[in-house]
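Student:
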Amino acid sequence: MAPADAPGGVYPWLTASLIPRAIAWVSTISADGVDNLAPHSFTTVAGVDPPTLCFTSVGAKDTLANARATGEFVLNIGCGRLLHAMNDSATDFPVETSEFDAAGLERESSATVAPPRVAAAPVAFECRVTGEHVLGDCVMVFGEITHIAVARGVLAEDGLPDPTKVDPLARLGRSEWSRLGEVFVLPRIKHARWQAGERSATIKIDPRRGRASAAG
367 MAPADAPGGV YPWLTASLIP RAIAWVSTIS ADGVDNLAPH SFTTVAGVDP
417 PTLCFTSVGA KDTLANARAT GEFVLNIGCG RLLHAMNDSA TDFPVETSEF
467 DAAGLERESS ATVAPPRVAA APVAFECRVT GEHVLGDCVM VFGEITHIAV
517 ARGVLAEDGL PDPTKVDPLA RLGRSEWSRL GEVFVLPRIK HARWQAGERS
567 ATIKIDPRRG RASAAG
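Using this note's numbering, read the sequence shown as starting at 367 and increasing by one per residue.
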């Protein structure tokens, strides 16, 4: 079928099929100085040099207006214990209401930008807007990372965030959400080792220990 012929419209087909999707929990400040916080489930890494993230505003949201007005935002990573607060921050509050206050979330001052971080977020990326791309009624906002804040408790032995400790949230279709589920390691195989007979093999991760524990 053509996208225009999708039952119920193409949007629910996209959100129910491209799953799970990471959530950009974006904090901004309005031109009038009001803190805003909202989840956006169309988001990804857009580049590495310079390090750039992007999120998509579906329609003209307060987040988009604020990012355009101030040129800054923070992309916070939500986690399991912040599920209800993240969902509450998606409520269509009037522009003069801060979702931080409405959802009972503590602010934390950012190091390089004006918008505050979510204090309880395991990881947060402070960004300066570098551009946008308009697609119909959607706008992709790009931001160069200027500072990374991370809770020490979610770091693995190699110094990077441990996915089982971060416990990130993801969006599915409808009003469905998801948590991480099973995590496993699957190393890539170099051509020389492939020629020697090596093939893919998964290594499961024990969430209680946080690292690889047994071959699968």
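Idealized CB from N, CA, C, for every residue including glycine.
Predicted, not measured: the structure shown is a model, and the values here were computed from it.
Please confirm whether phenylalanine 408 and arginine 434 have their CB atoms less than 8 Å apart.
Tutor: Here residue 408 is taken as the residue at index 42 of the sequence shown, counted from 1. Here residue 434 is taken as the residue at index 68 of the sequence shown, counted from 1. Taking 8 Å as the Cβ cut-off, phenylalanine 408 and arginine 434 do not qualify as a contacting pair.
Student: Between the Cα of isoleucine 336 and those of Ser544, Thr568, Asp533, spot the shortest distance and give me the residue it belongs to.
Tutor: Past the edges of the chain, shown from 367 to 582, lies residue 336, and the structure says nothing about it.
Student: Can you name the residues that DSSP bridges to valine 484?
Tutor: For the purposes of this step, residue 484 is identified with residue 118 of the sequence shown, where counting begins at 1. DSSP lists Arg473 as partners of valine 484.
Student: Just verifying my parser: in three-state terms, what is the DSSP assignment at arginine 434?
Tutor: Position 68 of the sequence shown, counted from the start, is the residue given in the question as residue 434. Note: arginine 434 maps to helix in three-state DSSP.
Student: Would you decide whether leucine 384 is buried or exposed? Buried here means 16 or more other CB atoms lie within 10 Å of its CB.
Tutor: Numbered from 1 along the sequence shown, position 18 holds the residue referred to as residue 384. It is exposed - the Cβ of leucine 384 has fewer than 16 other Cβ atoms within 10 Å.
Student: In the structure shown, what three-state DSSP assignment does aspartate 401 receive?
Tutor: Residue mapping note: residue 401 aligns to position 35 of the sequence shown, counting from 1. It is a strand residue.
Student: Given arginine 473, which residues of its chain have a CB within under 8 Å of its CB, disregarding the five upstream and five downstream residues?
Tutor: Within the sequence shown, numbered from 1, the residue matching residue 473 stands at position 107. Counting only Cβ-Cβ distances below 8 Å, and skipping sequence neighbours, we find Asp401, Phe466, Pro482, Arg483, Val484, Ala485.
Student: What span of residues does the beta strand (DSSP E) with arginine 494 cover, start to end?
Tutor: In the sequence shown, residue 494 corresponds to position 128, counting from 1. Here the beta strand (DSSP E) through arginine 494 covers 489 to 501.
Student: Which one of Asp398, Lys531, His450 has the shortest CA to CA distance from tryptophan 543?
Tutor: One-based indexing of the sequence shown puts residue 543 at position 177. Cα-wise, what sits closest to tryptophan 543 is His450.
Student: For the alpha helix (DSSP H) containing valine 479, name the first residue and the last one.
Tutor: Counted from its first residue, the sequence shown places residue 479 at position 113. Per DSSP, valine 479 belongs to no alpha helix (DSSP H) and is neither H nor E.
Student: Quick check on the DSSP output: what are the complete alpha helix (DSSP H) runs of length 4 or more inside the stretch 531 to 575, in order along the chain?
Tutor: For the stretch 531 to 575, whole alpha helix (DSSP H) runs of length 4 or above, ordered along the chain, are 557 to 561.
Student: On a Cα-Cα basis, can you pick out the residue from Leu526, His557, Ala390 that is closest to valine 516?
Tutor: As a working note, residue 516 is residue 150 in the sequence shown. Checked all of Leu526, His557, Ala390; the closest Cα to valine 516 is Leu526.
Student: Within this structure, are the beta carbons of cysteine 420 and threonine 410 separated by less than 8 Å?
Tutor: Stepping through the sequence shown from its first residue, residue 420 is reached at position 54. Stepping through the sequence shown from its first residue, residue 410 is reached at position 44. For cysteine 420 and threonine 410, yes; Cβs fall inside 8 Å.
Student: Rounded to whole angstroms, what is the Cα-Cα separation between isoleucine 389 and methionine 452?
Tutor: On the sequence shown, position 23 is the one that residue 389 refers to. On the sequence shown, position 86 is the one that residue 452 refers to. For isoleucine 389 and methionine 452, the distance between alpha carbons rounds to 10 Å.
Student: Measure how close the beta-carbons of valine 551 and threonine 530 come, nearest whole angstrom, since I'm counting them as under 8 Å.
Tutor: For the purposes of this step, residue 551 is identified with residue 185 of the sequence shown, where counting begins at 1. For the purposes of this step, residue 530 is identified with residue 164 of the sequence shown, where counting begins at 1. Not a contact, Cβ separation roughly 12 Å.
Student: Output the distance between the C-alpha atoms of proline 378 and glycine 539, rounded to the nearest integer angstrom.
Tutor: Walking along the sequence shown from the start, residue 378 turns up at place 12. Walking along the sequence shown from the start, residue 539 turns up at place 173. Looking at the two C-alpha atoms, the distance is approximately 7 Å.
Student: Express the C-alpha separation of arginine 447 and histidine 499 in angstroms, rounding to a whole number.
Tutor: The residue given as residue 499 occupies position 133 in the sequence shown. The residue given as residue 447 occupies position 81 in the sequence shown. Each residue's alpha carbon lies about 33 Å from the other.
Student: Can you tell me the Cα-Cα spacing of histidine 361 and tryptophan 391, whole angstroms?
Tutor: There is no way to answer for residue 361, as the model of the chain reaches only from 367 to 582.
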